[in-house]
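Counting along the sequence shown from 1, when you hit position 88 you're at 99 in this note's numbering, and nothing is skipped either side. To start, the structure itself, in structure tokens.
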Amino acid sequence: MASLNTLPVELVREIGKYVDEDGLLALRLACKDMNSKMRVLHLDAKFKIRRVFFDPIGLENLLKISQHPSQVNERVRHLIFTASSPYCITNRYESPQTTNTDESEGSELDEAPPLGKIDTIFVQAAVAKNIHDLSERYNEWERSNLLALAFSNLPKVQSITFENVRKNTYLTRSELNLFFPSVGLKPGIPVLEDLTQIRMYGELPWGRFHIVEMVLSALLVSGLTSLESLTEEGRCCNRSLRIPLTYFIRPHPHRLSQLMTVFGGLKVLKLCTSFNSRIRSTDDHDTGHFTLWLEAVCGGVEILDLGLFAPCTRILNPPMLPLLKVVAFTKFGFRREDFEAFLLNCKDTLVDLKISGCVIDGRWQDWFYLLRLLQQNVKGLGRFELNNLDGTWTIGDGLEDPDLLASFEDWKDWAGEYSPHLLFESLIITGSWGQTSTTCSIEKIKNMNAVDYHLVIESIETKLEAHNDSNSFWESLVDEQGILSPSATDSSVD
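Take a look at the structure:
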């Protein structure tokens, strides 16, 4: 059997694609021949995807990589930013608390397991690098400028992702060496699995500065034009990853041109926005400026996923983007005519649509007209989902019509204290015009003893064509008990 170092370079590199960074390093250390064959793969594994902790040490390291004379900067393709730091460690590595050593109260201290050597090193490093003191090294603008300088020397970056801090984090050898050099993980020393399982908890003290804003500003200053994907993990889990709508000030024409240049190659955009709920202005300037920003940034975008973290819905005039293939909106409000224009603008390319917690003109009946528009004009739609369509608005919801109220009277009785619009809030429609069936369901409503009801309609197109108005269409989906009614061809309701 041939040994690994006798195989052709092409085959060795193909095998190397399935080996992690540590494995590749071990192979490079095996012999001079393997070092030569594995060098490129090892460097790619180490630098192609870089996680950047948004503290001075992480940012300075990114700058160092971007300016390294070995040109490893050209290997960086994907950046993952996280608003935490390995120094934000959990109680597993917490510094020992000062305890009374009096003999009468010393039993608890004696029973506590001693810190191991590695644990002690982590604790000492975290204490020495007091995270609050560390945060004073750079102010907000200095961090943004440092990022811009790094971006200007990373010409092949294709994607930027903002990581969800609230998840288990496992550190790589490189990250351990960067933040905890005292551990002494030199090449050839194995990294124990337990050693990498450092849990980070909470955002850094400067999380309030909104790292997404700083990264976006740095991208504009740097002039980086290779970016294809800008995404955020976890749908608004972290406060620092929500961009305030006030960030999107009215763009100057020069700034719009700059945005179009820098983001000209962008294909994927997933972001979460927020606004100060105490500011309840009646105009929509903030979202209007957001629309201008989106149209400048997303000229070539094919996947758009936008969410609003807010206690109530804000009206968004959706951008006119003709190349969209996949669209998701969460907790926005739309005017019917604007949303119809948006859909018609991308009707030839749209294949996937998801709308969650959104409102059209504050009236849930208007979703009927949206379904008809999709049916008649967006023929290539392979998947769509509409759920929680009343979002967070609790106004009249268009239920002033006495006939409509009467038609839902039984649902109202069954729902007890809940108003009829909750039926629609809990309705989920998923399906495809290319499928033979579309699924509708009512989810279990909070504080009620209702079970989940499911209905498979043979063809929702038939339902849409059979009804000319919203009221009769929605009535056709429920029976006299206010639950989804099985179609003639459906066997049962679960």
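The beta-carbon is built from N, C-alpha and C at its ideal position, and this holds for glycine as well. Source: prediction; values computed, not measured.
Report task. On a CA-only basis, which of E239, M331, G311 and I60 is nearest G299? Give me that one, please. Result -> M331
Query raised in the report: If we ignore side chains and look at the alpha-carbon of each, how far apart do S3 and R86 end up?
Result: No answer is possible for residue 3: it lies beyond the span of the chain, which begins at 12 and ends at 505.
Report task. To the nearest angstrom, report how far apart L241 and S487 are at their CA atoms. Result -> 42 Å
Requested in this report: Throw me the rounded Cβ distance for the F350 and I371 pair, which I believe falls under 8 Å.
Outcome: Taking a contact as a CB-CB distance under 8 Å, the pair F350 and I371 counts as one, their CB atoms being some 6 Å apart.
Query raised in the report: Given R184, which residues of its chain have a CB within under 7 Å of its CB, disregarding the five upstream and five downstream residues?
Result: E32, D33, L196 and V202
**Report entry** Nearest residue (CA-CA) to C377, options G393, F345 and N46
**Finding:** Note on residue identity: the sequence assigns Asp, not Cys, to residue 377. The option with the nearest alpha carbon to D377 is F345.
Query raised in the report: Residues in its own chain within less than 6 Å of E174 by CB, not counting five upstream and five downstream?
Result: I91, T93 and E244
Report task. Under 8 Å by Cβ, that's how I've got V362 and K336 pegged, so tell me the actual separation to the nearest angstrom. Result -> 5 Å
Query raised in the report: With 16 other CB atoms within 10 Å as the buried threshold, where does I171 fall?
Result: Buried is the call here.
Report task. Check each candidate in F343, D359, S228 and P67 and name the one with the smallest Cα separation from K365. Result -> F343
Query - Nearest neighbour of D66, chosen from N84, M225 and G368 [CA to CA] - result: M225
**Report entry** Own chain residues within Cβ distance below 8 Å of V312, not counting five before or after
**Finding:** L277, K278, V279, L280, L332, L334 and L335
**Report entry** Cβ shell of H89 (< 6 Å), same chain only, five flanking positions each side left out
**Finding:** I60 and S170
**Report entry** Rounded separation between G310 and C99 - CA only
**Finding:** 39 Å
Report task. Using three-state DSSP, classify E174 as helix, strand or coil. Result -> coil
Requested in this report: Go ahead and pull the three-state DSSP assignment for R347.
Outcome: helix
**Report entry** Three-way DSSP call (helix, strand, coil) for L90 in this model
**Finding:** strand
Query raised in the report: Going by Cα to Cα distance, which pick from F379, L315 and L384 is closest to M352?
Result: Per the sequence presented here, residue 352 reads as Ala, with Met not at that position. Out of F379, L315 and L384, L384 has the C-alpha closest to the C-alpha of A352.
Query raised in the report: How is the beta strand (DSSP E) around L315 delimited, first residue to last?
Result: Note, L315: beta strand (DSSP E), I314 to F320.
Requested in this report: Tell me, please, which residues DSSP counts as bridged to A339.
Outcome: D316 and K365
Report task. Pick helix, strand or coil for H432, following the three-state DSSP scheme. Result -> Its pLDDT being 45, under 50, H432 is placed unreliably by the model, and nothing is read from it.
Query raised in the report: Going straight from the alpha carbon of H221 to that of N356, what length do you get?
Result: 33 Å
Report task. Pick out the complete beta strand (DSSP E) segments inside the segment 12-76, 3 residues or longer, and give them in chain order. Result -> 60-64
**Report entry** Rounded C-alpha distance that separates P166 from P80
**Finding:** 15 Å
Query raised in the report: According to DSSP, is S487 helix, strand or coil?
Result: coil
Query raised in the report: Which word fits W485, buried or exposed, when buried means at least 16 other C-beta atoms lie within 10 angstroms of its C-beta?
Result: buried
Report task. Could you please give me the residues that DSSP links to F395 through a beta bridge? Result -> L364 and G442
Query raised in the report: Going by Cα to Cα distance, which pick from L189, L182, F190 and K75 is closest to K161?
Result: In the sequence as presented, Lys is not what sits at residue 161; that position holds Ala. The option with the nearest alpha carbon to A161 is K75.
Report task. Since I believe V20 is in contact with K48 (beta carbons under 8 Å), could you give me their beta-carbon distance rounded to a whole number of angstroms? Result -> 5 Å
Query raised in the report: Expressed to the nearest angstrom, what Euclidean distance is found between the alpha-carbon atoms of N188 and L73?
Result: 14 Å
Query - Nearest residue (CA-CA) to Q269, options L230, F340, F190 and L182 - result: L230
Requested in this report: Rounded to whole angstroms, what's the CA-CA distance from D480 to E396? Just pull it up for me.
Outcome: Approximately 21 Å, taken between the alpha carbons.
Requested in this report: Write down the C-beta distance between I254 and V273 rounded to the nearest angstrom, noting that I regard them as a contact closer than 8 Å.
Outcome: The Cβ separation is near 16 Å, so there is no contact.
Report task. Starting from S81, trace the beta strand (DSSP E) both ways and give me its first and last residue. Result -> S81 -> no beta strand (DSSP E), and no H or E assigned at all.
Query raised in the report: Cα separation between K474 and R347?
Result: 21 Å
Query raised in the report: Is DSSP giving L475 helix, strand or coil here?
Result: helix
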